[in-house]
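Peer 1:
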Ligand SMILES: [Zn+2]
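In the working numbering, the protein residues as written are 150 to 456.
(1) Rounding to the nearest angstrom, what Cα-Cα distance links residue 139 and residue 411 in this structure?
(2) Taking the alpha helix (DSSP H) that residue 234 belongs to, which residues open and close that run?
(3) Run through DSSP, which three-state label would residue 343 get?
(4) Pick out whichever of 198, 158, 175 and 207 has its Cα sitting closest to the Cα of residue 416.
(5) Can you find the residues in the same chain that come closer than 6 Å, C-beta to C-beta, to residue 335, ignoring five residues on each side of it along the sequence?
(6) Which whole-angstrom value describes the C-beta separation of residue 291 and residue 413, a residue pair presumed to lie in contact below a C-beta threshold of 8 Å?
(7) Return yes when the C-beta of residue 387 is under 7 Å from any heavy atom of ligand 1, and no when it is not.
(8) Just how far apart, CA to CA, sit residue 365 and residue 340?
(9) Cβ atoms of residue 279 and residue 429: under 8 Å apart, would you say?
(10) Please state whether the Cβ-Cβ distance between residue 315 and residue 321 is less than 8 Å.
(11) Nearest to residue 243 by alpha carbon, out of 161, 202, 185 and 232?
(12) Within 7 Å: the Cβ of residue 184 and any heavy atom of ligand 1?
(13) First and last residue of the alpha helix (DSSP H) that includes residue 420?
(14) Quick one: grab the DSSP three-state call for residue 452.
(15) When DSSP labels each residue in this structure, what does residue 270 get in the three-state scheme?
(16) For residue 226, verify whether its CB is less than 7 Å away from any heavy atom of ligand 1.
(17) Measuring only from the beta carbon, is residue 337 closer than 7 Å to any heavy atom that is part of ligand 1?
(18) Please give me, in chain order, every unbroken run of the beta strand (DSSP E) with length at least 3 that falls completely inside the stretch 196-230.
(19) Where does residue 155 land, buried or exposed, given buried means 16+ other C-beta within 10 angstroms?
(20) Since residue 243 is in the beta strand (DSSP E), which residue starts that stretch and which ends it?
(21) In the DSSP assignment, what are the bridge partners of residue 397?
(22) Under 7 Å: does the beta carbon of residue 168 sit that close to some heavy atom of ligand 1?
(23) Straight-line CA distance for residue 219 to residue 200?
(24) May I ask you to check if the CB of residue 384 is nearer than 7 Å to at least one heavy atom of ligand 1?
(25) From residue 174 to residue 164, what does the alpha carbon distance come to, in whole angstroms?
(26) State the DSSP-derived secondary structure class of residue 439, mapped to helix, strand or coil.
(27) Can the beta-carbon of residue 250 be found less than 8 Å from the beta-carbon of residue 221?
(28) State the Cα-Cα distance for the pair residue 448 and residue 370, rounded to the nearest angstrom.
(29) Going by DSSP, which residues form a beta bridge with residue 403?
(30) Three-state secondary structure (DSSP) at residue 383?
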């Protein structure tokens with residue numbers, strides 16, 4: 150039986166948001182089974198709660214933003230990747246601003262923070278999002294395809310016409326140790342020209358060589374260089390893991406992404422959730438894996454199903 154997990158105790162960190170450049174504090178607190186991941190804007194009147202669900206995505210062009218025009222939280226993907234990577238199902242994340250701090254641009258500091266808090270196993274089974282038939286979204290030469298498979302396996306490929314990037318391809322089999330070693334330390338990246346254009350438009354104001362890999366036409370500007378020769382595709386995998394956490398339960402299936410983005414990840418999740426014959430929630434050892442059942446329309450119905 151796979152049991153749901155949360156934190157042993159609350160833990161806090163501070164930093165700046167990469168886009169607004171403003172300081173924010175995040176407090177990650179334990180939460181009961183079947184809560185999922187909740188963001189709470191404690192700086193706003195009434196402390197609005199924003200569930201980390203793909204139905205709550207309001208913007209996915211530069212980062213993934215959840216909520217509404219009145220209450221939103223942006224750049225959630227690296228923290229969500231750390232939680233998903235460490236198989237933490239339930240947490241209440243209190244944020245004092247519109248953006249999760251970027252820290253070093255990877256999920257590494259969040260992983261260290263979650264370990265410091267400690268991980269607690271709960272007495273409820275974890276459900277999985279089991280693929281029943283292939284689903285794909287295509288946008289020109291970009292695509293995201295999933296196929297049924299007995300375990301999860303993610304393959305990501307990118308192709309940037311830049312001497313430091315080029316074609317990179319990575320396959321990742323989810324596991325907490327593999328995530329910490331291979332994926333979590335990979336930093337976000339941007340091109341100097343693009344960063345300057347964004348900053349002229351009031352975005353990426355917190356962006357610097359301390360929290361992103363920055364490239365000019367010739368190469369990487371960060372004096373310390375790269376953490377992995379293929380750090381770029383590793384970060385794309387990190388973003389995918391963080392975005393897929395918005396399904397609410399770990400996905401079981403073979404996932405292939407080519408030239409993906411937050412927007413493509415989001416389009417895929419919307420498509421998948423609409424095609425209700427393509428998946429079902431599965432609880433290992435209580436139900437056979439491949440027996441077709443009537444899929445439940447919303448992952449949140451699990452509580453009723455278990456009651
Ligand atoms: Zn990212």
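Heads up, the beta-carbon is just placed ideally off N, CA and C, and yes, glycines get one too.
Peer 2: Per the coordinate set shown:
(1) Residue 139 is absent from the structure shown; the chain starts at 150 and stops at 456.
(2) 226-234
(3) Helix.
(4) 207
(5) Closer than 6 Å at Cβ, skipping near neighbours: 255, 380, 383, 384 and 387.
(6) Contact annotation, residue 291 with residue 413: C-beta distance approximately 6 Å; criterion of less than 8 Å satisfied.
(7) yes
(8) 6 Å
(9) yes
(10) no
(11) 161
(12) no
(13) 411-423
(14) Caution is warranted here: a pLDDT of 40 is assigned to residue 452, below 50, making its placement in the model unreliable, and no coordinate value can be reported.
(15) strand
(16) yes
(17) yes
(18) Listed in chain order, they are 198-200, 206-208 and 214-216.
(19) buried
(20) First-last of the beta strand (DSSP E) with residue 243: 240-244.
(21) Looking at the DSSP assignment, residue 397 forms no beta bridge with any residue, so it has no partner.
(22) no
(23) 15 Å
(24) Indeed, a heavy atom of ligand 1 lies less than 7 Å from the Cβ.
(25) Whole-angstrom Cα-Cα distance: 7 Å.
(26) Note that residue 439 scores a pLDDT of 47, beneath 50, so its modelled location is shaky; the value from the coordinates is reported in the next line. DSSP places residue 439 in coil when its eight states are reduced to three.
(27) no
(28) Note that residue 448 scores a pLDDT of 43, beneath 50, so its modelled location is shaky and nothing firm can be said.
(29) 296 and 302
(30) DSSP places residue 383 in helix when its eight states are reduced to three.
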